Amino acid sequence: MLYPLTHEYRKAIAARHANLCLEKVHVLHKPPFKFCREFTGRLRIGYVSSDFGNHPTSHLMQSVPGLHDRSRVEIFCYALSPDDGTTFRAKIARESEHFIDLSSVACNGKAADRIHADGVHVLVNMNGYTKGARNEIFALRPAPVQVMWLGYPGTSGASFMDYIITDAVTSPMELQHQYSEKLAYMPYTYFIGDHKQMFPHLKERLIVSDKTHGGNVVADNVAVINATDLSPLVESTDVKEIREVVIAAKPVEISLKVAELPTTTQIETMIASGQVQTSVNGVVVQNGLATTQTNNKAATGEEVPQNIVITTRQQYFLPDDAIVYCNFNQLYKIDPLTLQSWVYILKHVPNSVLWLLRFPAVGEQNIKKTAEDLGISGNRIIFSNVAAKEEHVRRGQLADVCLDTPLCNGHTTSMDVLWTGTPVVTLPGETLASRVAASQLATLGCPELIARTRQEYQEIAIKLGTDRLEKLFSKMWERFSRGEQPDHVSANDK
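Just so you know, the UniProt record's numbering puts 336 at position 336 of the sequence shown, and the rest follows in order with no gaps.
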């Protein structure tokens, strides 16, 4: 996915892997399975994965088995890995009509026999060429229709895979030659997420404002409080609501709830000292860095946090007054051209920083050194550690803009950031892996964030980073032109 290869080479490499699977099962000397073209009753669908557990695939699709219409379909889930004891695994097992653990069935022939005996009509490969895959099972073709979906962002190159579930943005028909499979289009994005079930508390937020600072300036992503139930804090705190109408294709009203605290000293002290929690107006508020200390299942996303949690830029050493660009992907996705574009953006938005992850840590100094060679201070690139899933998603609220990696997009990562309300700027290429973020943005109705060229990618990012500043300058001038004295102004005010 990352090498600069032609589509033909990519498909040929995939086909070579597929042919190796065929060679491995050929020695079993199994006669081909036979199928009946007619059936009565429900359509039988089987999902096969080694990632039914604490893995991004399950984070995304754990609710799918239970959301199928059981009057029409019968669901089988075949696990290729043993039970890891997580609620992700338990949920999939509980909500599937049939959950079969094939991890102890080492023989691919016997595993295929079991699937065929179950009478599965459509068998879904959720691994592709990823860790734990057993594509040899599919090479034996235990089901009449075999489908690629979600786990692997590319073609299988396999004669034994019939379809790939995708969409018109991710895999436009003019690029069908990249795929050995036939394209099966979902009406919107093919890429799903379970964020509504896993992170409902992130839809409820209070912006923290300190009255001692005075004026009307309110930053909506410097200090944020989340909880499934914010009423205890709302009832004990002076909360005001700011409404802002954004003119897009159609007017959209955005509502921000701002908690005006007499002082935020106790919160700042909690964070600086590493305390787990503090009291705000008699209400316990948890340090967002301490979720693993209070409830490990909530930290991993297995349970919805029940505490009131605060997330601040202070926790991650991010400047309160800066435009924060972010990217939370593994660092291998950052190719030289992308880093050059990011440095260009930072140069054109002087009060900005780039927020990345130590993923891996060894890459931090290399990226900072390269950025310095390109003409900016390495201090403008701020690194954080990899975090548990809930914190990883929640802290995306603190960024202003997520800069996608064009060569291989953020897939789960982009969906995580978008769930927190942070915009993503992407530049789609021609491969499936480079077009997923564009599919997500198109589904959300944000085509203006999808660039057509690298120059446009940079321009969109710069515009998003400077419009607020331009709005402030305009407000300053408007006060002067009306003969008014200088006063506090906010880019959030109408």
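Glycine residues also receive a C-beta, built at the ideal position from the N, C-alpha and C atoms.
A quick note: this is a predicted structure, and the numbers were derived from the prediction, not measured.
Residue i in three-state terms, based on DSSP
| i | result |
| --- | --- |
| residue 226 | strand |
| residue 152 | coil |
| residue 329 | coil |
| residue 21 | helix |
| residue 11 | helix |
| residue 395 | helix |
| residue 66 | helix |
| residue 2 | coil |
| residue 179 | coil |
| residue 457 | helix |
| residue 449 | helix |
| residue 293 | helix |
| residue 168 | coil |
| residue 42 | coil |
| residue 113 | helix |
Among the options, the one whose alpha carbon lies nearest that of residue i
| i | options | result |
| --- | --- | --- |
| residue 453 | 95, 276, 428, 189 | 428 |
| residue 437 | 262, 171, 479 | 171 |
| residue 59 | 47, 87, 78 | 87 |
| residue 35 | 82, 66, 141, 27 | 141 |
| residue 272 | 240, 283, 311 | 311 |
| residue 336 | 379, 371, 415 | 371 |
| residue 97 | 355, 74, 43 | 74 |
| residue 456 | 356, 222, 445, 344 | 344 |
| residue 475 | 464, 490, 352 | 490 |
| residue 433 | 70, 300, 21, 153 | 153 |
| residue 61 | 149, 303, 479, 264 | 149 |
| residue 254 | 242, 263, 264 | 242 |
| residue 112 | 26, 481, 286, 33 | 33 |
| residue 297 | 10, 4, 54, 15 | 54 |
| residue 52 | 64, 406, 105 | 64 |
| residue 313 | 355, 349, 331, 301 | 355 |
Check whether residue i and residue j have beta carbons under 8 Å apart
| i | j | result |
| --- | --- | --- |
| residue 120 | residue 143 | yes |
| residue 266 | residue 276 | no |
| residue 49 | residue 151 | yes |
| residue 163 | residue 115 | no |
| residue 166 | residue 190 | yes |
| residue 442 | residue 450 | yes |
| residue 109 | residue 30 | yes |
| residue 382 | residue 339 | no |
| residue 431 | residue 178 | yes |
| residue 261 | residue 237 | yes |
| residue 386 | residue 404 | no |
| residue 299 | residue 390 | yes |
| residue 308 | residue 293 | no |
Terminal residues of the alpha helix (DSSP H) in which residue i lies
| i | result |
| --- | --- |
| residue 518 | Any answer about residue 518 is impossible in this case: the structure gives the chain only from 1 up to 494. |
| residue 189 | Unbroken run through residue 189: none, as it is neither H nor E. |
| residue 315 | That residue, residue 315, is in no alpha helix (DSSP H); it is neither H nor E in DSSP. |
| residue 344 | 336 to 348 |
| residue 88 | 87 to 95 |
| residue 137 | 135 to 139 |
| residue 265 | 265 to 273 |
| residue 58 | 56 to 61 |
| residue 159 | Element bounds for residue 159: n/a, residue is neither H nor E. |
| residue 439 | 436 to 443 |
Residue range of the unbroken beta strand (DSSP E) whose run includes residue i
| i | result |
| --- | --- |
| residue 120 | Unbroken run through residue 120: none, as it is neither H nor E. |
| residue 286 | 283 to 287 |
| residue 418 | Where residue 418 is concerned, there is no enclosing beta strand (DSSP E), although the alpha helix (DSSP H) it sits in stretches over 412 to 419. |
| residue 570 | The structure shown does not extend to residue 570, since the chain is modelled only from 1 to 494, so the question has no answer here. |
| residue 74 | 73 to 79 |
| residue 377 | First-last for residue 377: undefined, no H or E at that position. |
Residue i CB to nearest heavy atom of the ligand NAD below 7 Å
| i | result |
| --- | --- |
| residue 237 | By its list of ligands, the structure shown contains no ligand whatsoever, and the ligand NAD lies outside what it can speak to. |
Subject >> Contact between the segment 164 to 184 and the segment 226 to 243 (3+ Cβ pairs under 8 Å) >> reply: Remark: fewer than three beta-carbon pairs, one from each stretch, lie closer than 8 Å, so the segment 164 to 184 and the segment 226 to 243 are not flagged as touching.
**OP:** Tell me, please, whether the segment 193 to 209 touches the segment 387 to 398 by the rule of three or more beta-carbon pairs shorter than 8 Å.
**Re:** yes
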